[in-house]
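Please read the structure below before turning to the comments.
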Amino acid sequence: MSKRVLLVHPEISRTKYNFAGVIENEPLELEYIVPVLRGAGYETEVFDKAVEEKSVRDKISEFSPDVFYVCGRARQENFMKEYCAAAKRENAVTIAGGIHVQHNWERLYSAEVDYILTTFDVFKILDILELKNLEEITGICYKKEGHWVKNAAEPFDIKRLPLPDRSYFYSHLSNYRYLELLPCAHLRTAYSCAYDCNFCYRSTLNRGKYVTRDIEDVVSEIENIECENIFIIDDDFLISPKRIEKFKELVKKRGIKKKYVCYGRVDFIINNKELVRGLKEIGFYYILAGLEAIDDKRLDNYNKHTNTDANIECVDFLNDIGINIMGLFIVDLDITARDFAEMYKWIRLHKIKHAAVSIFTPELGLDIYNRYENRIITKNPEHWDYLHVVARPDIGIRRYYFHYYILLIKLLLLAKRQGVYDFLDYKGYLKAFVKGIFKKEKGV
Ligand code: SF4
């Protein structure tokens, strides 16, 4: 009888204000594992707790897996451990993977976890299950005579990645969305990032090596996805003008008609305006751009290699050609009450309809965390969601939350006046934000 493997993506958070039903991500990371294991004769099932009603515990009892795999980000660490413990009680072998453990494997060193995957190389899961010589499998942690052993990861060549098995996505089409784009499939064309903004976790993945797929293969994959909305989840899709030009030409030539969402840097957009106009023509609908700050000093501090003039030019240009810009901002720990107010004015002045504001978060496992270590106020990884203060701000936690939530309320009302997010439960979010104004310590 073939072994049964349950592949689980935990919920994003257990708080109400978590963007559930607004942004829901296809569990692509698990869907890459399915063909690898099925090809070797394993029986697999995907279970995304972000969209499932059933508890993971019930799913484990029902499916009775021989092997349990769970992946997640920092904020999901507690859930990953909890689910591994539940699987262990049912005698399953447990494996934890995903981006968080690439730098924080030791945080998962526990009785309920048997193996940790610290690489994007999904084939290593098969190596573990086939009981290959553990000492020779790179990118894993395992137990030997009661002690954890870590084999360093090597950069993974993304060209080896199989095509994902999207059966789970197709059976949950009403769940997966990016704002009004419903359903919305995820697609990966590259891994890690070629830049090095110093707050960013993504560019450190894959041992810091940026790797790309052949663009012909990418376009063929898109052609075969039965969904008209595609979120290209590369940490930055717009890196090589030559590659993007080829992408545009192939999509045009093959007559593919879809809407696209992607991340893109400001400098790429303003230095390649004709190309970006061409992307609009083939269906680019949202570009998520890291504007980060409204002053050059902070942008320099972040090692962003852009400036506010470039940010303004980018916003004006995208507004002009009709691609929706989702402006991504960070509110730093030295920000004042006045700076919060200025950020709102800046967003309004430059007619940014979609804005997402994150609280500056020193990432677990990166150098930047060590720099802020003496200011860290919480040990709970669930707070690493960019919505919680995890390091003490200059103006104090209470005042910081007060001004942060005032900013969110003002942005929400601005968006409502402009008719964006019509599908959103405005009242619910407003209520959560008003509650946030009175937050004192450590968050919701
Ligand atoms: S460009 Fe984006 S993904 Fe790349 S390092 Fe900077 S913030 Fe991270």
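Residue numbers (my numbering): 1411 to 1854.
The beta-carbon is built from N, C-alpha and C at its ideal position, and this holds for glycine as well.
Please read these numbers as outputs of a predicted model, since none were measured by experiment.
Contact belief for residue i with residue j at Cβ below 8 Å, rounded distance in angstroms
| i | j | result |
| --- | --- | --- |
| Ile1642 | Tyr1670 | 6 Å |
| Thr1716 | Asp1677 | 5 Å |
| Leu1615 | Phe1530 | 7 Å |
| Gly1508 | Gly1482 | 5 Å |
| Cys1724 | Ala1765 | Contact doesn't hold; Cβ gap of about 14 Å is too wide. |
| Met1736 | Tyr1696 | 6 Å |
| Ile1535 | Tyr1479 | 7 Å |
| Ala1751 | Ile1805 | Their Cβ separation, rounded to whole angstroms, is 13 Å, which puts Ala1751 and Ile1805 out of contact at 8 Å. |
| His1596 | Leu1701 | That belief does not hold up - the Cβ atoms of His1596 and Leu1701 are roughly 23 Å apart, past 8 Å. |
| Arg1587 | Glu1684 | So it is not a contact: roughly 31 Å between Cβ atoms. |
| Glu1633 | Ile1666 | 6 Å |
| His1826 | Tyr1836 | One detail in the question is off: residue 1826 reads as Lys in this sequence, not His. About 6 Å separates the two Cβ atoms, so the contact holds. |
| Asn1543 | Pro1593 | In fact, because the Cβ distance is near 43 Å, the residues do not count as touching under 8 Å. |
| Tyr1712 | Phe1609 | 6 Å |
| Val1830 | Lys1763 | 5 Å |
Own chain partners of residue i with C-beta closer than 6 Å, once the 5 adjacent residues on each side are dropped
| i | result |
| --- | --- |
| Arg1414 | Glu1453, Pro1475 and Asp1476 |
| His1582 | Val1461 |
| Lys1560 | Cys1551 |
| Tyr1815 | Phe1843, Gly1846 and Ile1847 |
| Lys1469 | Phe1457 |
| Val1854 | Unreliable positioning characterises Val1854 in this predicted model, as indicated by a pLDDT of 40, which lies under 50. The coordinate reading is nonetheless provided below. Same-chain partners within the cutoff: Thr1425. |
Residues of its chain near residue i, where Cβ-Cβ distance is below 8 Å and the 5 sequence neighbours each way are ignored
| i | result |
| --- | --- |
| Glu1540 | Ala1450 |
| Val1446 | Val1532, Phe1533, Ile1535, Leu1536 and Pro1572 |
| Lys1553 | Asp1524 and Val1559 |
Coarse secondary structure for residue i, derived from DSSP in three states
| i | result |
| --- | --- |
| Asn1639 | strand |
| His1760 | coil |
| Arg1414 | strand |
| Gly1618 | helix |
| Val1741 | strand |
| Lys1845 | helix |
| Phe1457 | strand |
| Ile1538 | helix |
| Ala1450 | coil |
| Val1497 | Reading the sequence as shown, one finds Ala at residue 1497 and not Val. Helix, per DSSP. |
| Lys1714 | coil |
| His1513 | helix |
| Ile1735 | strand |
| Ala1825 | helix |
| Ala1484 | helix |
Cutoff 7 Å; reference residue i; Cβ partners in own chain excluding five residues on either side
| i | result |
| --- | --- |
| Tyr1673 | Asp1644, Asp1645, Asp1646, Phe1647 and Leu1698 |
| Glu1421 | Lys1459, Ala1460 and Phe1489 |
CB contact check: residue i to chain C, cutoff 7 Å
| i | result |
| --- | --- |
| Ser1768 | This model lacks chain C altogether; it includes just one protein chain. |
Residue list, Cβ distance to ligand 1 heavy atoms smaller than 6 Å
The set, ordered by position in the chain, is Cys1603, Tyr1605, Asp1606, Cys1607, Cys1610, Arg1612, Ser1613, Asp1645, Asp1646, Arg1675 and Gly1700.
For the segment 1483-1491 against the segment 1790-1808, do three or more pairs of beta-carbon atoms, one drawn from each stretch, fall closer than 8 Å, so that the two count as touching? yes
Flag this pair as touching only if the segment 1706-1713 and the segment 1769-1782 have three or more C-beta atom pairs under 8 Å; answer yes or no. These segments do not touch.
Closer than 8 Å is the cut-off here; do at least three beta carbon pairs connect the segment 1810-1817 with the segment 1643-1658? no
Quiz item: Are three or more beta carbon pairs between the segment 1675-1694 and the segment 1657-1665 nearer than 8 Å?
Solution: yes
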